[in-house]
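*Asks:* First the structure, then my questions, so here it is.
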Amino acid sequence: MNVSSKGSCLCGEVAYKITGNIGIFQYCHCSRCRKFTGSTHASNLLVSPEQFTWLKGDSLVGYYSPENTKHFATAFCKQCGSSLPWRAKSGKVVVIPAGTLDEHPGIEPVQNIFCASKAEWYISPGVLPEYDELPHK
């Protein structure tokens, strides 16, 4: 399905648009994604560079590209620190942190990758209690 979706950072000063996807939406459990997101995994959607456009605030986008990685890099809002889309070192894809999307991207996660690197304390969300709001105890 080819759809158009918009996304932004937490403060709203940086915004982008994607037009379609390349069919990959995945959870990555590698240690780099865990460090960057501060969570158990990253939720990443992949688009081709032609399917990605900054709408505003591109001058506020900071980048970090570790020397010892083949594909991994990161981007973030210099004002609020939110994760932002980044171009893989190959230049062939733009990685969209799905949590920054403001609209449904027309695709849902299809796989978990780097599961051998899962955090030792990881528990699948499906086995934990769910609450619609902060539980009162």
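According to UniProt numbering, the sequence shown is numbered sequentially starting from 1. A virtual CB, placed ideally from N, CA and C, is assigned to each residue, including glycine.
Would you tell me roughly how many angstroms separate the C-alpha atoms of Leu10 and Thr100, rounded to the nearest one?
*Replies:* Numbered from its first residue, the sequence shown carries residue 10 at position 10. Numbered from its first residue, the sequence shown carries residue 100 at position 100. Rounded to the nearest angstrom, the two C-alpha atoms are 8 Å apart.
*Asks:* Based on the DSSP secondary-structure assignment, which residues constitute the bridge partners of residue 146?
*Replies:* The question about residue 146 has no answer, for the chain in this structure spans 1 to 137.
*Asks:* Measure the C-alpha to C-alpha separation of Ala73 and Ala88 and round it to an integer number of angstroms.
*Replies:* As a first step, residue 73 is located in the sequence shown; it is residue number 73 there, counting from the start. As a first step, residue 88 is located in the sequence shown; it is residue number 88 there, counting from the start. Roughly 6 Å between the two C-alpha positions.
*Asks:* Taking 6 Å as the limit between beta carbons, can you name the residues of its chain near Ser31, skipping five residues before and five after?
*Replies:* The sequence position of residue 31 within the sequence shown is 31, counting from 1. Counting only Cβ-Cβ distances below 6 Å, and skipping sequence neighbours, we find Ser117.
*Asks:* Once the 5 residues before and after Glu13 are set aside, which same chain residues still bring their CB inside 6 Å of it?
*Replies:* Locating residue 13 in the sequence shown gives position 13, where the first residue counts as 1. Excluding positions up to five away in sequence, the list reads Gly57, Leu60, Gln79.
*Asks:* Alpha carbon to alpha carbon, how far is Ile107 from residue 138? Give it in angstroms, no decimals.
*Replies:* Nothing about residue 138 can be reported from this structure: the residues present for the chain run from 1 to 137 only.
*Asks:* Select from Ser65, Cys28, Cys115, Leu45 the residue whose C-alpha is nearest the C-alpha of Lys6.
*Replies:* Within the sequence shown, the letter at position 6 stands for residue 6. Out of Ser65, Cys28, Cys115, Leu45, Leu45 has the C-alpha closest to the C-alpha of Lys6.
*Asks:* CA-CA distance, Val127 and Ala15?
*Replies:* Here the question's residue 127 lines up with position 127 in the sequence shown. Here the question's residue 15 lines up with position 15 in the sequence shown. Val127 and Ala15: Cα-Cα distance of roughly 35 Å.
*Asks:* For Cys33, does the three-state DSSP call read helix, strand or coil?
*Replies:* Here residue 33 corresponds to residue number 33 of the sequence shown, with the count starting at 1. In this structure, Cys33 counts as helix in the three-state DSSP scheme.
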